[in-house]
Amino acid sequence: MTHQLPGSIAIDGPAASGKTTVGLAIAAEFGYSFLDTGLMYRGVTLAALRAGVPADNDAVKPLLRRMRMTVRVDAAGTRIFLGGEDVTGELRRSDVEKNVSKYSALASVRASMVRRQRTIAKREATVLAGRDIGTVVLPKAPLKLYLDASEEARAKRRGTQATQDENDAKKDIASRDKVDAARAVSPMRPAGDAIAVDTTNMTLEQVISFALEKVRCARN
């Protein structure tokens, strides 16, 4: 009997919990594409900052209508283009980092991005990483993982990655956790049928090994 891999996979969790690393590992091992949905929200944030559009639901709607965002995914990851310009390298800028939760909390932004995410997941077998994949984007995904870790562990990882000073990372992570969990639209929370993993005391290799085994077990 041929055992098929599960369809598109949902990975959720807060910032710096390991979603991207685990998602890329699954994609590389099993041939999925990988969509970091957070980069899409960062793309909207970057476009809004460039255009001087405030984080207001009504103000951002015209931007969403005229914004030409292209999302390219494969096993190597996600790239975001605005008007043909590859802006992926700009999406970790400090001003984007500080504002992304505000824009991603807007109902109009979430509705627009969720439509795009579902289209990508329907088009090809994809690992989607975000904060509402298992609850909103793909509620019927055959495999859902929810990765979490303490604020201290996540801040340390950010510091090790040299993307932020560890103290600054902890402040930003705490702020984003609060906004993402409390927002009215698509709050961050594990789906009822998600496999929750606390990675605080796990090595990266252990987390990846655990996730790969769950994919293998989900073959049908």
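Take the sequence shown: its position 166, counting from 1, is numbered 166 in the numbering used here, and each next residue is one higher.
Glycine is no exception: its CB is placed at the ideal position from the N, C-alpha and C atoms.
A quick note: this is a predicted structure, and the numbers were derived from the prediction, not measured.
Under a three-way DSSP split, which group does residue i fall into?
{"i": "M67", "result": "coil"}
{"i": "V197", "result": "strand"}
{"i": "T21", "result": "helix"}
{"i": "A153", "result": "helix"}
{"i": "K102", "result": "helix"}
{"i": "T2", "result": "Residue confidence for T2 is low, a pLDDT of 42 falling below 50, so the modelled location carries little weight and cannot support an answer."}
{"i": "M40", "result": "helix"}
{"i": "M113", "result": "helix"}
{"i": "K178", "result": "helix"}
Below 6 Å CB to CB, which residues in the same chain sit around residue i once its five sequence neighbours on both sides are set aside?
{"i": "L35", "result": "V73, T78, I120, T126, L128"}
{"i": "M188", "result": "R131, D180, A181"}
What residues are listed by DSSP as bridge partners for residue i?
{"i": "T126", "result": "S33"}
{"i": "I80", "result": "V71"}
{"i": "Y146", "result": "D12, A196"}
{"i": "D86", "result": "F81"}
Rounded to the nearest angstrom, how far is the Cβ of residue i from that of residue j, given a contact under 8 Å?
{"i": "D86", "j": "D148", "result": "About 32 Å separates the two Cβ atoms, so there is no contact after all."}
{"i": "L138", "j": "S8", "result": "6 Å"}
{"i": "R176", "j": "S101", "result": "5 Å"}
{"i": "V96", "j": "L145", "result": "Their Cβ separation, rounded to whole angstroms, is 26 Å, which puts V96 and L145 out of contact at 8 Å."}
{"i": "R116", "j": "V60", "result": "So it is not a contact: roughly 15 Å between Cβ atoms."}
{"i": "T135", "j": "A191", "result": "5 Å"}
Taking 8 Å as the limit between beta carbons, can you name the residues of its chain near residue i, skipping five residues before and five after?
{"i": "I208", "result": "T21, V22, A25"}
{"i": "K214", "result": "L143, L145, I195"}
{"i": "L64", "result": "V44, S108, V109, S112"}
{"i": "L204", "result": "G18, T21"}
{"i": "T2", "result": "In this predicted model, T2 has a pLDDT of only 42, less than 50, meaning its place in the structure is not dependable enough to derive any value."}
Output needed for residue i: all residues of its chain with C-beta closer than 7 Å, excluding positions within five of it in sequence on either side, in chain order.
{"i": "P142", "result": "P6, G7, A218"}
State yes or no: is the beta carbon of residue i nearer than 7 Å to at least one beta carbon in chain D?
{"i": "A15", "result": "Within the model displayed, chain D is absent; a lone protein chain is all it includes."}
**Message:** Between the segment 165-173 and the segment 32-43, can you find at least three pairs of beta-carbon atoms closer than 8 Å?
**Reply:** Counting C-beta pairs closer than 8 Å gives fewer than three between the segment 32-43 and the segment 165-173, which falls short of the contact rule.
**Asked** Just checking, does the segment 2-22 make contact with the segment 122-136 on the three C-beta pairs under 8 Å criterion?
**Response** Contact between the segment 2-22 and the segment 122-136 is present: 3 or more CB-CB pairs across the two stretches fall below 8 Å.
**Request:** Would you be able to state if there are at least three C-beta pairs under 8 Å between the segment 151-158 and the segment 78-96?
**Result:** The segment 78-96 is not in contact with the segment 151-158.
**Request:** Could you say if the segment 180-194 and the segment 104-116 meet the contact criterion of at least three C-beta pairs nearer than 8 Å?
**Result:** At 8 Å Cβ cutoff, the stretches touch.
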